[in-house]
Structures are given as structure tokens and as C-alpha cells.
Amino acid sequence: MTRTDPRSSPGRVVRAPTGTTLSAKSWLTEAPLRMLMNNLDPEVAERPEELVVYGGIGRAARDWDSYDRIVSTLRRLDADQNLLVKSGKPVGVFETHADAPRVLIANSNLVPRWSTWE
């Protein structure tokens, strides 16, 4: 049985859109979409085919499926919704209001056993 790494996609090239044409519903979602995609541009990323953007292990998304779901969600997000991304994986879309952030990202939310107030 051959096992493939969901974090690797040899030959896949990501480039952010440029110019003034939107690929999302608004600039409030177009901006994070372009930033995410630009991080994986082969001219910028360390190992873009493995989603690694910096430091040897820093990934733009948990895996390619998560990346594709983040991109898809950003493109269809409405003005009163926000996307929650937890550790590189999209976990939900919530209805909020037009002044709320469009994207919330939570990373490294682990507290070591030795980390106490004492």
C-alpha cells in the first residue's frame, strides 16, 4: 500500500492574483487570500510544494486539503461572516457583523505542563 503525504504536492504552483480584479467577494477577504497565496509563491516560500514557508517547518496550512478549503472559504465569505482557522485547518465560519475581523487564526495554543502561576 502506497501512502502519500497530504502536505506534499510536487509540481503544484501557487501564485497570488495581482491587480484590482477581485477573486473574493470583497477586499476584506481578498487581502488575506492574497497574503496566504503569496506565502506559497515559489519566489518566496522555502518549500512551497510542502506548504513550508519559513524556518524549515512553518507551514501556511496543515495540509493541501486544508489550504484548498481555506482558499475556497475566503472566496465565498460574506461581509458579516468570519473564518476561524485553528493550527492551519479551517474549523468554522461564524456569522458576526460587518465590523468584525474576517479571519481569526489560532496557533500554538498548547500550554506546557510546567507552565503555571506558581
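Everything in the sequence shown is counted per the working numbering, starting at 14 for the first residue and increasing by one. C-beta atoms are modelled at their ideal positions from N, C-alpha and C, and glycine is treated no differently.
CA-CA distance, residue i and residue j?
i	j	result
residue 14	residue 20	Residue confidence for residue 14 is low, a pLDDT of 47 falling below 50, so the modelled location carries little weight and cannot support an answer.
residue 76	residue 101	8 angstroms
residue 96	residue 105	6 angstroms
residue 43	residue 84	10 angstroms
residue 93	residue 38	12 angstroms
residue 60	residue 74	13 angstroms
residue 80	residue 119	15 angstroms
residue 109	residue 70	33 angstroms
residue 107	residue 117	10 angstroms
residue 33	residue 49	17 angstroms
residue 113	residue 68	31 angstroms
Residue range of the beta strand (DSSP E) that residue i falls in?
i	result
residue 118	116-119
residue 103	102-108
residue 35	Note, residue 35: premise wrong, no beta strand (DSSP E); not H, not E.
residue 98	94-99
Ends of the alpha helix (DSSP H) at residue i?
i	result
residue 84	77-89
residue 49	40-52
Based on the DSSP output, what are the partners of residue i in its beta bridges?
i	result
residue 71	67
residue 60	65
I think residue i touches residue j, with their Cβ atoms under 8 angstroms apart; what is that distance to the nearest whole Å?
i	j	result
residue 45	residue 115	7 angstroms
residue 62	residue 22	6 angstroms
residue 82	residue 103	5 angstroms
Residue i CB to nearest chain D CB: under 7 angstroms?
i	result
residue 94	Judged by its chain identifiers, the structure shown contains no chain D, having just a single protein chain.
Three Cβ pairs or more, each shorter than 8 angstroms: is that satisfied between the region 24-41 and the region 53-65?
yes
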